[in-house]
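Heads up: the structure comes next, in structure tokens.
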Amino acid sequence: MNTRGGFRWVLWALGLGLALAATAAEDEDLWIVGPQDLDQVWTMDRESWKASIDQSAVKALGAGCAAVSFVVETDGRTSGARVLRGRPSGVYDEVAKQIADSLRFTPTAANKAAEPVFTYLTITFRGEVGGSRIGKSIRVGDSVDRLCAVAGFQ
């Protein structure tokens, strides 16, 4: 992918995400927060997604990643999950959306009004490759996998 084509893709993905996110917060302003700054306004309950996913089935798919965007609503639940990018393509799309849909957040002191935000997270999946286990099955916010990071996201 050339630089110009990649830039167009990012603009298209962000435009789609913003259009979807705008419906989630009718009369409120929606903040756009990059994954590196999300913990400044919302704290993720890192255990919230585990009950919704069959981790043993995910391990069999092998290693990969997915960048998934969503809105953190005023009650700390998520809405509008969309996969922006995945490697290998399409393999983890459904499970990434399931994880994003089941995440729960608590507002930080800097976000006392519990303002909703549009963001994305990269979810790294660690499976079994060639019979050898690679780490834990799923990690949310793993900085190791740059293949699924969305360049240009604030």
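Residue numbers (the numbering used here): 1368 to 1521. Backbone N, C-alpha and C fix where the C-beta goes; we use that ideal spot for every residue, glycine too.
> Going by C-alpha distance, which of E1440, V1425, V1435 and I1420 is nearest F1535?
Replying inline: The structure shown does not extend to residue 1535, since the chain spans only 1368 to 1521, so no value can be given for it.
> With burial defined as no fewer than 16 other Cβ atoms inside 10 Å of the residue's Cβ, what is the status of A1518: buried or exposed?
Replying inline: For the purposes of this step, residue 1518 is taken as residue 151 along the sequence shown, with counting starting at 1. Label assigned to A1518: exposed.
> Which one of R1449, K1479 and V1400 has the shortest CA to CA distance from Q1465?
Replying inline: On the sequence shown, position 98 is the one that residue 1465 refers to. Of the listed residues, the one whose Cα sits closest to Q1465 is R1449.
>> Pop quiz: A1539 and G1494 are said to be a contact at Cβ under 8 Å. What is the actual Cβ separation, rounded to whole angstroms?
In response: Here the chain has residues from 1368 to 1521 only, and residue 1539 is not among them.
> Exposed or buried, what is C1515 when buried is set at 16 or more other beta-carbons lying within 10 Å of its beta-carbon?
Replying inline: For the purposes of this step, residue 1515 is identified with residue 148 of the sequence shown, where counting begins at 1. Looking at its Cβ environment, which holds 16 or more other Cβ atoms inside 10 Å, C1515 is buried.
> Can you list, in chain order, the residues of its chain whose CB lies under 7 Å from that of S1446, leaving out five sequence neighbours each side?
Replying inline: Taking the first residue of the sequence shown as 1, we reach residue 1446 at position 79. Beyond the five residues adjoining it in sequence on each side, S1446 comes within less than 7 Å, by CB distance, of A1391, F1437, V1438 and E1440 in the same chain, given in chain order.
> What's the C-alpha gap between E1461 and A1476?
Replying inline: As a first step, residue 1461 is located in the sequence shown; it is residue number 94 there, counting from the start. As a first step, residue 1476 is located in the sequence shown; it is residue number 109 there, counting from the start. Approximately 33 Å between the Cα atoms of the pair.
> Beta-carbon separation of P1483 and L1397 under 8 Å?
Replying inline: Your numbering for residue 1483 matches position 116 in the sequence shown. Your numbering for residue 1397 matches position 30 in the sequence shown. For P1483 and L1397, yes; Cβs fall inside 8 Å.
> Which word fits A1427, buried or exposed, when buried means at least 16 other C-beta atoms lie within 10 angstroms of its C-beta?
Replying inline: By one-based count along the sequence shown, residue 1427 stands at place 60. It counts as exposed.
> Under the three-state reduction of DSSP, which class applies to A1424: helix, strand or coil?
Replying inline: The count along the sequence shown starts at 1 and reaches residue 1424 at position 57. It is helical.
> Where R1452 and P1402 are concerned, what is the direct C-alpha to C-alpha distance, given to the nearest angstrom?
Replying inline: Along the sequence shown, read from residue 1 onward, the residue named residue 1452 stands at position 85. Along the sequence shown, read from residue 1 onward, the residue named residue 1402 stands at position 35. Between R1452 and P1402, the C-alpha separation is close to 15 Å.
> Which runs of the alpha helix (DSSP H) fall wholly inside the stretch 1414-1469 and span at least 4 residues, in chain order?
Replying inline: Complete alpha helix (DSSP H) runs here, min 4: 1422-1426 and 1460-1469.
> Where does T1489 land, buried or exposed, given buried means 16+ other C-beta within 10 angstroms?
Replying inline: As a working note, residue 1489 is residue 122 in the sequence shown. Of the other Cβ atoms in all chains shown, 16 or more fall within 10 Å of the Cβ of T1489; this residue is therefore buried.
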